[in-house]
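Chemist: Keeping their order, the protein sequence lines are chains A and B.
The numbering used here runs 4 ahead of the 1-based position in the first sequence.
The numbering used here runs 11 ahead of the 1-based position in the second sequence.
Think of the CB as a built atom: it goes at the ideal place given N, C-alpha and C, for glycine as much as any other residue.
Could you have a look at this structure, given as structure tokens, before my questions?
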Amino acid sequence: MSTNTSSTPNPSPDSCADGVLLRVKHETVYRYPGPASLAYNAAWLEPLSGDGQMRIEHRLKVDPKPQFQNLRTDAFGNQMHYFEVHKPHSALKVVSEAIVERRPRPHNGACAAPWERARYAAASDPAERAALCSFAYPDASIPIIDEVIDYTLVSFQKGRALNEAVKDFAARIYRDFKYTSGATQVDTSVTEFWELRKGVCQDFANLAVLGLRAIGLAAAYVSGYVLTHPPEGEKKRQGADASHAWFAVHAPGYGWIHVDPTNNMWVAKEHIIVAIGRNYTDVPPLKGVCYGGGQQQPEVAVTVDIIKREDLFHGHSMERL
Amino acid sequence: MSENIAPSTQPSLDLTGLPYSPLATAFDEMLGSGGEARPHWRAFAEYFSRVSRDDLGQLRRDTLRRLKEQGVNYHVYDDPQGMRRTWQLDPLPMVMSEADWNPIEAGLQQRAHLYSRVLADLLGPQTCLKQGVLPPELVLQHPGFLRSMMGSAALPLSLFAADLARGPDGSWWVLADRTQGPSGAGYVLEARMVTKRVLSQNAVDYAIAPLAQFFYHFKRHVAALAPDQQKEPTIVLLSPGIGNEVYFEHAYLAAQLGITLVQGDDLTVRQGKVYLKTVDDLQQVDVIIRRVDDAFCDPLNFRADSMLGVPGLAQAQALGRVGMANPLGGGFLESPAMLPFLPALSKHFLAEELKLPNVATWWCGQEKELKHVLQNLDDLVIKTVDRHALVCFGPKMSARERDALKRRIQAEPWRYVGQELLSFSTTPTLVGSEIQPRHLVLRGFAAGDGEQYDVMPGGLTRVSPDAHTFLVSGQSGGWSKDTWLLKSSGSMRDVLRLSPTKQRRIASAVLTSRAAESLFWLARYLERTESLLRHIRAYVRRLENYIDYGFDTDKAVLEGMLPAVEAFCALGREGLPTVEDLKQYVLDSTRVGGVAFNLRGAINSAYTVRDLWSGDCWRAVEELEELLEYSEKNRSVLALDQFIQPFLTALLAFLGASQESLALNQGGLWLQLGRRLERAQNTLSSTHKICAELNEDNEAGLREMLLEAHDCLSSHRRRYGTELPFYTLWKHLLLEPTNPRSLVYAVSELEPLLSYLNPTPQQGLIGLEKNVLAILTPLRLADAVEWRDLELTQTELAPFLQNLTQQLNQFGLNIEHQYFKHAQPLTRFMR
Numbered sequence: 005m006s007t008n009t010s011s012t013p014n015p016s017p018d019s020c021a022d023g024v025l026l027r028v029k030h031e032t033v034y035r036y037p038g039p040a041s042l043a044y045n046a047a048w049l050e051p052l053s054g055d056g057q058m059r060i061e062h063r064l065k066v067d068p069k070p071q072f073q074n075l076r077t078d079a080f081g082n083q084m085h086y087f088e089v090h091k092p093h094s095a096l097k098v099v100s101e102a103i104v105e106r107r108p109r110p111h112n113g114a115c116a117a118p119w120e121r122a123r124y125a126a127a128s129d130p131a132e133r134a135a136l137c138s139f140a141y142p143d144a145s146i147p148i149i150d151e152v153i154d155y156t157l158v159s160f161q162k163g164r165a166l167n168e169a170v171k172d173f174a175a176r177i178y179r180d181f182k183y184t185s186g187a188t189q190v191d192t193s194v195t196e197f198w199e200l201r202k203g204v205c206q207d208f209a210n211l212a213v214l215g216l217r218a219i220g221l222a223a224a225y226v227s228g229y230v231l232t233h234p235p236e237g238e239k240k241r242q243g244a245d246a247s248h249a250w251f252a253v254h255a256p257g258y259g260w261i262h263v264d265p266t267n268n269m270w271v272a273k274e275h276i277i278v279a280i281g282r283n284y285t286d287v288p289p290l291k292g293v294c295y296g297g298g299q300q301q302p303e304v305a306v307t308v309d310i311i312k313r314e315d316l317f318h319g320h321s322m323e324r325l
Numbered sequence: 012m013s014e015n016i017a018p019s020t021q022p023s024l025d026l027t028g029l030p031y032s033p034l035a036t037a038f039d040e041m042l043g044s045g046g047e048a049r050p051h052w053r054a055f056a057e058y059f060s061r062v063s064r065d066d067l068g069q070l071r072r073d074t075l076r077r078l079k080e081q082g083v084n085y086h087v088y089d090d091p092q093g094m095r096r097t098w099q100l101d102p103l104p105m106v107m108s109e110a111d112w113n114p115i116e117a118g119l120q121q122r123a124h125l126y127s128r129v130l131a132d133l134l135g136p137q138t139c140l141k142q143g144v145l146p147p148e149l150v151l152q153h154p155g156f157l158r159s160m161m162g163s164a165a166l167p168l169s170l171f172a173a174d175l176a177r178g179p180d181g182s183w184w185v186l187a188d189r190t191q192g193p194s195g196a197g198y199v200l201e202a203r204m205v206t207k208r209v210l211s212q213n214a215v216d217y218a219i220a221p222l223a224q225f226f227y228h229f230k231r232h233v234a235a236l237a238p239d240q241q242k243e244p245t246i247v248l249l250s251p252g253i254g255n256e257v258y259f260e261h262a263y264l265a266a267q268l269g270i271t272l273v274q275g276d277d278l279t280v281r282q283g284k285v286y287l288k289t290v291d292d293l294q295q296v297d298v299i300i301r302r303v304d305d306a307f308c309d310p311l312n313f314r315a316d317s318m319l320g321v322p323g324l325a326q327a328q329a330l331g332r333v334g335m336a337n338p339l340g341g342g343f344l345e346s347p348a349m350l351p352f353l354p355a356l357s358k359h360f361l362a363e364e365l366k367l368p369n370v371a372t373w374w375c376g377q378e379k380e381l382k383h384v385l386q387n388l389d390d391l392v393i394k395t396v397d398r399h400a401l402v403c404f405g406p407k408m409s410a411r412e413r414d415a416l417k418r419r420i421q422a423e424p425w426r427y428v429g430q431e432l433l434s435f436s437t438t439p440t441l442v443g444s445e446i447q448p449r450h451l452v453l454r455g456f457a458a459g460d461g462e463q464y465d466v467m468p469g470g471l472t473r474v475s476p477d478a479h480t481f482l483v484s485g486q487s488g489g490w491s492k493d494t495w496l497l498k499s500s501g502s503m504r505d506v507l508r509l510s511p512t513k514q515r516r517i518a519s520a521v522l523t524s525r526a527a528e529s530l531f532w533l534a535r536y537l538e539r540t541e542s543l544l545r546h547i548r549a550y551v552r553r554l555e556n557y558i559d560y561g562f563d564t565d566k567a568v569l570e571g572m573l574p575a576v577e578a579f580c581a582l583g584r585e586g587l588p589t590v591e592d593l594k595q596y597v598l599d600s601t602r603v604g605g606v607a608f609n610l611r612g613a614i615n616s617a618y619t620v621r622d623l624w625s626g627d628c629w630r631a632v633e634e635l636e637e638l639l640e641y642s643e644k645n646r647s648v649l650a651l652d653q654f655i656q657p658f659l660t661a662l663l664a665f666l667g668a669s670q671e672s673l674a675l676n677q678g679g680l681w682l683q684l685g686r687r688l689e690r691a692q693n694t695l696s697s698t699h700k701i702c703a704e705l706n707e708d709n710e711a712g713l714r715e716m717l718l719e720a721h722d723c724l725s726s727h728r729r730r731y732g733t734e735l736p737f738y739t740l741w742k743h744l745l746l747e748p749t750n751p752r753s754l755v756y757a758v759s760e761l762e763p764l765l766s767y768l769n770p771t772p773q774q775g776l777i778g779l780e781k782n783v784l785a786i787l788t789p790l791r792l793a794d795a796v797e798w799r800d801l802e803l804t805q806t807e808l809a810p811f812l813q814n815l816t817q818q819l820n821q822f823g824l825n826i827e828h829q830y831f832k833h834a835q836p837l838t839r840f841m842r
């Protein structure tokens, strides 16, 4: 099926029974062309607990030190940090450090049921519909929607097991689109990506989400990280030096099945889930408004590595990064 | 007219002369199906029977005149008349009986209560979604549902409104609910003042339920939202500004309620609290009455492209550190798709039946309803769930439009509703000088705390522009009316006796930094224009002399004068400007620094502080604007001097009125500072320019012209006779403390004004006072004898003036820097 045989998805995440400790340091620096007087920011940088992941530690450092900080849970259950900087400053540096334990949940029978049963329209419980509704509808104004439906249905043949179909869908996106750093911007539309046939992890995830919703499934955009140095003998993952993104599809009776189409793999021991939303703008790692300043591309550095359990209990585990 | 209107005791009315015939198809408010006047309309029916067409024409003119005097505007987008279009008020009110009104009042109270509960639930536990009372698509797929407000402290809808219409069977139906920041309540107040006054002259007088009580309750409910209930709350009204269609109402309400009118950049968020930028410091805001749509209120959390909001405002509300009326996040409740679910929601939250029925509405997000709408497209109104999008009238669609609409509905059914086309009732309306039936929609208002609501007696009635349409909005050319609720028992005195005795005090309105800046520049623009007009007038007189007699000395004088004129605004031409050139200079509003340009700037500044002006002041602003428009229209037929004098008169009238009506601590200070500073600068600049031009050929004439341009020629003559030596010229124009137009006079008037800005006078002078002293002292010590001839003028006076000019400019910059808190441009990023 896939021509990239070296990166065929691992058979299923259910082979990952042991927990793995992952540590991330994510540094973002905005250097403004001019001085900024006041800055207001929101950050989705704190990894969530759930979906086979446990947040053990998280720390957010902002320089200059904010005059006000506040943490709340957003509409999707993610942790959102809000902070204000009142002093004049010419650069804003945000460092997020976290340790999570990954213990991926094995797929159950629900994941292998015919995909049609996972369709939103099949959900009859109002509470479940309320929980999934936000993720169920594609943006119908997207001009290529019909092409995307046809493209998606190639993987979703009638009666096919959901996880199998999803695996195939991810593999086809991986094969048909080229990961090219810098080919697209934060605000590049799915349509542009569809025509360009190249882009970054965000574009891969957007396309998958659109296709899945268009055939009636509930699908989410997921922001997170992937291991910087992969296991011995495997090639370096795409998106490893920056914040990463993928998609999740909802299986009733299981929950979100996370899939990384950019690397053509299940989200398992090598990923850290930060936040789940409808799209990128629900969960950008960092967004802000400041007075003065001026537009500037940020410098971003991400390191993700595996740590041993002993390191954790010796304390200061994050300082050693 | 009698206050007692009990129908049974009244003899039947002879209506044979009544010049009014209702439509056959609709319920008429005044006349029953048999043509008889309903009891509560009898007084009007009688009045209509005896009034002449001339009287009706007079009634219309009286109404228009009163509205113009008040400067009541309604901004119609894309209207060439722009901001200045007078609000269309019909002087004939809609009259309601208590029997009609009582169920509406109870229904509005229930709806306001219900919507408050629904909002708190949807931004919180969402029980109505989880229990299947409301389909989740209706909320979660609504483009206006602001997820970032979820989990925030529940706030009530402080002000709620609903649009109602009466169907052919006589019962009232709700067409739409308004939960964001319903507009119209201020217009009702204005409509009442005008309508009562013009009609009382015509002996139509009823006992009408008064409005004051409602605004008292509104203010009380809003004040109760303040997080800290111990201190007097500071309340502001947040408006999108002068571009908004109902900006007049924002300014009017702010003035009526005695609160501060603000725009987004007047506010700033710190530690999740909201502060107002005043000329003194940051002052904490306790409650915001919000008239900016919620999605535009916070560029960090909602629409990043909004220029109307305040970054962090969503956090401030979510943290409960500011009261918000109405709360952010409540906009989507206005979705017409909510209507069919209200009966079930009412049972779910209140365990009550819904009291006021909705006009039949089918939400296409449901299969059966979708089918119904698609099959009956021709007989329905089709609306999108977000109100800023589309409205289609089925009967008016072409086949192609219908097919296109069908496809759109099928692609995203949850975005559409179909609504029954109700035939609205009609009410007598003054059209030209006739009384004709027009369809009406009544907007009712309720103010409350989330549970208990006080309803405005009456409301805003709007009627369609012609008899065959049901569109009543101001944007589509509809007219507004007052609504008179007749009290069958009790006189107005009873109601007034309830009036507020222990209303909680709120902090008085403060002057925002932006308002101070607007006033400062308003005065500068006007003063500059005055000076420019005098310069042009002096120039034109001399020019006409030159044209008539051709003396070379006149030409030399004109050339010497030119730099002083051009200091205001570059002419951009070679040689002497002609009268026609100067006309351009006066009337071309695209010419930077010209008269029309300055006046437009002044008028714009006046609009942004609309809430501060008294009626007389505002009339003066409008006269100035009317004069400007009139002159622009008639530029080809009017002579230049026909422009100059009226402009001078109008702007002096405004300066005078504004100075009289604005107390120093309410903004008058900034007006006067601007005016004095500008006058001093103009005198300095023009004198300095002319000093440089003086030579043997032109000096005598130019000196005279300089005095004339500063309105000092006659006062100089009275004092010194007809001779005009250098010595008396400089003394009179620059150094004479008793000449109100002298430089030293203008500068010395700054001194007492600045002392108001000194918070601790016992500790010495503030920087600005020192600036002025440094300018004033050399002026007071100077001796005009030292500038007694042409040479001394050039060697001694010119550098002296140069130095003063620099100091005065710096003083102006210091004021701006210190008191006007310029917002820097916003940078947004997402990564």
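Using beta-carbon positions only, say whether Glu50/A and Ile103/A come within less than 7 angstroms of one another.
Modeler: For Glu50/A and Ile103/A, no; Cβs fall outside 7 angstroms.
Chemist: Mind pulling the chain A residues with CB within less than 8 angstroms of Leu441/B?
Modeler: The contacting residues do not exist; Leu441/B stays about 46 angstroms from chain A at best.
Chemist: Note down, in chain order, each residue of its chain lying with its Cβ closer than 6 angstroms to the Cβ of Ala47/A, except the 5 sequence neighbours on either side.
Modeler: These residues qualify, in order along the chain: His85, Leu290.
Chemist: Taking all protein chains shown into account, do 16 or more other C-beta atoms lie within 10 angstroms of the C-beta of Ile558/B, making it buried, or fewer, making it exposed?
Modeler: So Ile558/B ends up on the exposed side.
Chemist: Using Cβ-Cβ distances below 9 angstroms, what residues of the stretch 448–469 of chain B are close to chain A?
Modeler: Residues: none.
Chemist: Could you tell me which chain B residues have their CB closer than 7 angstroms to the CB of His2/A, listed as they occur along the chain?
Modeler: Outside the displayed range of chain A (5 to 325) lies residue 2/A, so it cannot be described from this structure.
Chemist: In the DSSP assignment, find the unbroken beta strand (DSSP E) run with Gly823/B in it and report its ends.
Modeler: Segment 809–830 is the alpha helix (DSSP H) holding Gly823/B; no beta strand (DSSP E) there.
Chemist: With distances taken Cα to Cα, identify the nearest neighbour of Arg553/B among Ala520/B, Ala534/B, Leu587/B, Arg539/B.
Modeler: Checking every option, the nearest Cα to that of Arg553/B belongs to Leu587/B.
Chemist: Between Arg842/B and chain E, is any beta-carbon pair separated by less than 7 angstroms?
Modeler: Absent here is chain E; the protein component of the structure consists of chains A and B.
Chemist: Per DSSP, Thr838/B forms a beta bridge with which residues?
Modeler: The partner list for Thr838/B (beta bridge, DSSP) reads Cys294/A.
Chemist: How big is the Cα-Cα spacing for Glu88/A and Arg281/B?
Modeler: Roughly 7 angstroms separates the two Cα atoms.
Chemist: At least one CB of chain B closer than 7 angstroms to the CB of Cys137/A: is that the case?
Modeler: Yes, Cys137/A lies at the interface with chain B (some Cβ there is under 7 angstroms from its Cβ).
Chemist: Pick from Ser726/B, Leu433/B, Phe59/B: whose alpha carbon is nearest that of Gly28/B?
Modeler: Gly28/B has its Cα closest to that of Phe59/B, out of Ser726/B, Leu433/B, Phe59/B.
Chemist: Look up Pro657/B in the DSSP assignment and say whether it is helix, strand or coil.
Modeler: If DSSP states are grouped into helix, strand and coil, Pro657/B belongs with the helices.
Chemist: Please list, in chain order, all residues of the same chain as Gly297/A whose beta carbon is under 7 angstroms from its beta carbon, the five residues on each side excluded.
Modeler: Taken in chain order, the residues that qualify are Tyr36, Gly38, Ala40.
Chemist: Quick check: what's the CA-CA separation for Arg516/B versus Ala234/B?
Modeler: When rounded, the distance between both Cα atoms is 9 angstroms.
Chemist: Can you give me the start and stop residues for the beta strand (DSSP E) that His153/B sits inside?
Modeler: Note, His153/B: premise wrong, no beta strand (DSSP E); not H, not E.
Chemist: Distance, Cα to Cα, Ile311/A vs Gly186/A?
Modeler: Looking at the two C-alpha atoms, the distance is approximately 31 angstroms.
Chemist: On the three-pair Cβ rule with 8 angstroms, is the stretch 293–307 of chain B touching the stretch 145–153 of chain B?
Modeler: With the cut-off at 8 angstroms, the stretch 293–307 of chain B and the stretch 145–153 of chain B do not touch.
Chemist: Closer than 8 angstroms is the cut-off here; do at least three beta carbon pairs connect the stretch 202–218 of chain A with the stretch 173–192 of chain A?
Modeler: Yes: the two stretches touch, three or more of their Cβ pairs being nearer than 8 angstroms.
Chemist: From Glu747/B to Val755/B, what does the alpha carbon distance come to, in whole angstroms?
Modeler: Their Cα atoms are separated by approximately 7 angstroms.
Chemist: Strictly below 7 angstroms CB to CB, what residues from chain A border Glu148/B?
Modeler: Under the 7 angstroms cutoff, chain A gives Cys137.
Chemist: Taking DSSP as the reference, what is the three-state secondary structure of Ala79/A?
Modeler: Reduced to three states, the DSSP call for Ala79/A is coil.
Chemist: Please list the terminal residues of the continuous beta strand (DSSP E) segment that includes Gly429/B.
Modeler: Start and end: 427–431.
Chemist: Just mark Arg189/B as buried or exposed, buried being the case when its beta carbon has 16 or more other beta carbons within 10 Å.
Modeler: By the neighbour-count rule (16 or more Cβ atoms within 10 Å), Arg189/B is buried.
Chemist: Distance cutoff 7 angstroms, beta carbons only. Does Met318/B sit that close to anything in chain A?
Modeler: Not closer than 7 angstroms to any Cβ of chain A, the Cβ of Met318/B fails to qualify, so no.
Chemist: Where does Val158/A sit, in a helix, a strand or coil, going by DSSP?
Modeler: Val158/A: coil per DSSP, three-state reduction.
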